[in-house]
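Residue numbers (this note's numbering), protein chains in the order written: chain A, 613 to 918; chain B, 8 to 294; chain C, 11 to 273.
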Amino acid sequence: MNAIQITGLYKQFSGKRMKKIDALKGLDLEIAPGEVFGFLGPNGAGKSTTIKLMMGLLRPTAGAAKIMGMDAGQTESRRSVGYLPENPAFYDYLGAEEYIAFVGSQFRMGKSLLARRSEEVLKRLELWDARKRPMRGYSKGMVQRVGLAQALVHDPDVYILDEPMSGLDPIGRALVKDIILDLKRRGKCVFFSTHITDDVEKVCDRVGVIVKGTLVALDRVENILRSGVEGYLIHLKMPETESFSFGGIELFRRTDSVSEYYVPCSAFNGFMGEVNRTGTDVLLVETKRRDLEDFFLALVKSAQGA
Amino acid sequence: MRGTLSSALVCILLYGILIIPFTTYLRNKPFLEKLGYVPSVTALKSVAADHKEMVAASLVMKVLMYFGGLSEKSQESQVVIPPDYKAMSRLLHGAVKLDPYNMDAYYFAQAFLTWDVKQYKIANDLLIYGMKYRTWDWYLPFFAGFNSAFFLKEYEAAARYYQRAGELSGSDLSRLLAGRYMQESGQTELAINYLSVMMNGEKNPALKKNYQLRLTAFREARRIELARERYREVKGAMPATVEQLVSGGFLSPPPMDPYGGEFYLEADGKVSTTSKYAFAGVKNHKK
Amino acid sequence: MASIILITLKGIFRDRVFQGIMVTALAFLLIPVIASLSMRQVTELSLTLSLSMISFILLLLSVFLGGTSLWKDIERRYTSSVLGLPLSRQRYLLGRFGGTALFVMIAAVVLGAAAFAVVLYSSAIYPPERPVIWSTMGLCILFDALKYILLIAVAFFFSTVSTSFFLPVFGTISIFLAGGVTQQVYEYLRSPASKSLSPVVKQIAAGLYYLLPNFGAFDFKVNAIYGLPLHVEGLLLTLAYFVVYVGILLSISAAIFIRREMR
Ligand SMILES: Nc1ncnc2c1ncn2[C@@H]1O[C@H](COP(=O)(O)OP(=O)(O)OP(=O)(O)O)[C@@H](O)[C@H]1O
Ligand SMILES: [Mg+2]
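What follows is the structure in structure tokens.
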């Protein structure tokens, strides 16, 4: 059974003057248990819409989202989910600790377990000192941390986080990355949306890119990185000062006795054959590739152009 | 989803079962409870703030609706429940304290304070209070004049009020009245005149019916009076009973009191009825 | 659901609503003084003023707490966090309603106690003609509270259909005003005095009579003030009416709320 199963999910909003907005146009997605999935997309792509549909906050126009085999419309489907909404807001007259206790009670956690877990998450998210203060006095980042704490406290198997790093300082971001990696190690399923490719590259197993309500890419992170290889920078040991060209590739740069050649993927075999024939020593082969950011930008550009 | 809908259905079903006994119970709630308690007018006045007229109007409406409901019952000749005149009077007095211009209150008070409750003095005091404000209104002195002449027998005051009513209305009617009926013998005609004016001016159907009923009674009385006069002319003596008039062929058909009473001739020949021109009168008489 | 009721209560208390009530309730101290101005019925007047004041405070509470509870949650996006928990929308709605209703009940009890004290004091100094029947007074306050809980249900119903707080607040006030006079209007319509009205108007008014909540039924002030006897059957019918009407309102509200999108 998939942790998250989305089939043909379609969502239409009716905007002003009966104008229809297709926020999501037939999304299919399967996330396995234990998988960390990054959901990338520009502003207004439909990430939050997808997540709200998964949480049963919105009702799909067509299609369905299932969590642990249960339809998102059912209350019980949320029992195994820790959810962090986008720009979260919590009853601001409560303190963090009280709110966490309320969340725990909704998940029917035992008193002592709740106390222990609550202390754990509050300390981990550095909210311990502020835990008794009403949340209306919290900063934006602190509220975001409460959001993470309440998603973690009941230790569910599935995490659905809408932009978990937003509003956090670099230390906070690092902390969230740590937490996600930790969850991954413990075999939990994490589905999170973000704009920041770097986060995805570091922690995700798989990534999906959504543009204008359509999934335009879905692959393992390492595949994307591999497919992004554009060529190699090859360092050759050549004491002679005269420059050679191998297979029609000209010298790129020279420092002391090392010559560097920039070789596109397609020319790699020919180039290396020539180098071997001349008996030149290869010092280093550097892979030249687009990173996930470039990949993402290129995708969005082509999808939006279309 | 299905749960909420079915619970809605169950509740609506229960509502359907419950609503009949519930509304029946509310309809039959004791009248005092229905008329409601009105806290002291001074208190009301301060609470009413800038809505004094509205509060006054709602008080009058309350009395009107209450009375309308009652008179319906009395005309269906069910058990006649004597209206709580005291509470009605209290409400109306409260209303004019809040809004001394509220004409409904004066008209309505005049309608029941006189024949039904026989509180002529209270009625006239209220009218005098109203005259201070509604200085243009010829009805108020007209009422007061009638009360003074017919009930209080204060002919001097009555003449004064009728004079004033005549000046305000610009018609001669009241001025005529001022002179003509200022003696005992003119009472019935005075009443008939007063009642026809009232009936024609009345819009509230319950009140109109009231006037009509009383007018019928007085017309019957007038008929007897005329018969009595003819009898005296022919026979040269006063008749002793109404039956004499009927059997002598002076009065046909025999008179009918719409209030259910019986007309009779007093010792001095004055026409009276056992009902005293009110429903409550019959009951009291029979007791 | 108990925890959402608790959270609701905490919210109301922490918004200093209760302190507000207590400050307003200081006016109770003035009641014996004002009432002593009445020559003949000091106790009756203290009762009237106390009961009216309780009614007024409860009215404000039910309109504003009831009318803004859901709206505030949606507006401030509390719903997206709370409804992301395994908490069904029905339970959430009932919890919010229950918390608000419970608060009104608590307020009624506290204010009722203050009223008891005031009337006790007045009646000790100026003994009334008819003794005060304490149980009637208690029942009067209880039914008053029930009336306003019914009004909260009306406010919740409006909140589920509307996205702003105008409809819940002003709609509730209108229903309160209309529901207070339906009985009178209905009886007027049944009397011949209404003959001149068009039958369509009468039909509509009669329809409204059965549709709108009948707040007049919950008014036992006269009984409390003049010590008139209460009829058990009437009380039970009114209680049953309360339960059923609130049931209808909440079921329909829940059905609407379930379909509502939490954007
Ligand atoms: N309640 C709504 N009514 C109408 N349109 C909506 C509504 N919510 C979202 N949309 C539209 O749906 C589209 C997707 O919105 P969504 O919030 O899912 O984007 P997102 O990917 O989360 O963007 P961001 O990165 O800015 O959070 C947008 O075009 C938005 O205008
Ligand atoms: Mg978003």
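Even glycine gets a Cβ: it sits at the ideal position worked out from N, Cα and C. This structure is a prediction, so every number in the text was calculated from the model and none was measured.
- In the same chain as B/E273, and ignoring 5 residues on each side of it, the C-beta atoms closer than 7 Å to its own belong to S279, in chain order.
- Beta-bridge pairing by DSSP links A/Y844 to A/V875 and A/T899.
- Short note on A/T809: C-beta not closer than 6 Å to any heavy atom of ligand 1.
- Taken in chain order, the members of the stretch 174–197 of chain C whose beta-carbon sits within less than 7 Å of a beta-carbon on chain B are Q193, Q194 and E197.
- Chain-ordered, the chain B residues with CB closer than 7 Å to the CB of C/G244 read Y32.
- Counting the other Cβ atoms within 10 Å of the Cβ of B/L20 gives fewer than 16, which makes it exposed.
- Annotation for A/A635: K623, F625, G658, T661 and G825 place their beta carbon closer than 6 Å to its own, counting only its chain and skipping 5 residues before and after.
- For A/K659, the Cβ falls inside the 6 Å cut-off from some heavy atom of ligand 1.
- At a cut-off of 7 Å, the C-beta of C/K157 has no neighbouring C-beta in chain B.
- The beta carbons of A/R785 and A/E842 sit about 29 Å from each other, so the pair does not count as a contact at 8 Å.
- According to the DSSP secondary-structure assignment, A/M682 is paired through a beta bridge with A/I679.
- Relative to the non-hydrogen atoms of ligand 2, the Cβ of A/E647 never comes closer than 6 Å to any of them.
- Within the stretch 672–688 of chain A, T687 and E688 place their CB atoms closer than 8 Å to a CB of chain C, listed in sequence order.
- The distance from the Cβ of A/G707 to that of A/K744 is about 5 Å, consistent with a contact at the 8 Å cut-off.
- Distance from the CA of B/F119 to the CA of C/K212, rounded to the nearest whole angstrom, comes to 28 Å.
- Ligand 2 has a heavy atom closer than 6 Å to the beta-carbon of A/E698.
- Comparing C-alpha distances from B/V124 to each of B/K139, B/S155 and B/P90 shows the shortest one belongs to B/P90.
- For C/S133, no Cβ of chain B is located within less than 7 Å of the residue's own Cβ.
- If you ignore the 5 residues before and after A/V733, its C-beta comes within less than 6 Å of the C-beta of A761, L764 and V765, all in its own chain and listed in chain order.
- Pairing B/L12 with C/A265 gives a Cβ-Cβ distance under 7 Å.
- For A/F625, the shortest C-beta to heavy atom distance toward ligand 1 is below 6 Å.
- Below 8 Å, enough C-beta pairs join the stretch 797–807 of chain A and the stretch 636–649 of chain A to call them touching: three or more.
- Residues of the stretch 74–107 of chain C with a Cβ closer than 7 Å to any Cβ of chain B, in chain order: Q100.
- For A/V815, no beta strand (DSSP E) encloses it; the enclosing alpha helix (DSSP H) starts and ends at T809 to V815.
- If you draw a 10 Å sphere on the C-beta of B/Y127, you find 16 or more other C-beta atoms in it, and that means buried.
- For B/T281, the three-state secondary structure derived from DSSP is coil.
- At a cut-off of 7 Å, the C-beta of C/G237 has no neighbouring C-beta in chain B.
- Residue contact with chain C for B/A15: present (Cβ-Cβ distance below 7 Å to some residue of chain C).
- Note on the stretch 87–128 of chain C: there is no whole beta strand (DSSP E) run with a minimum of 3 residues.
- Of the candidates B/S254, B/L220 and B/M205, the residue whose Cα lies closest to the Cα of B/Y238 is B/S254.
- Within the same chain, K215 and Y218 come within 7 Å of B/E209 by CB-CB distance, once the 5 residues on both sides are set aside.
- With a cutoff of 7 Å on beta-carbon distance, C/T18 and C/M272 are scored as not near each other.
- If you draw a straight line from the Cα of B/L66 to the Cα of A/F719, it comes to about 57 Å.
- Taken through DSSP and simplified to helix, strand or coil, C/I143 comes out as coil.
- Around B/E161, the same chain offers S155 as residues with beta carbons nearer than 7 Å, after the five sequence neighbours per side are excluded.
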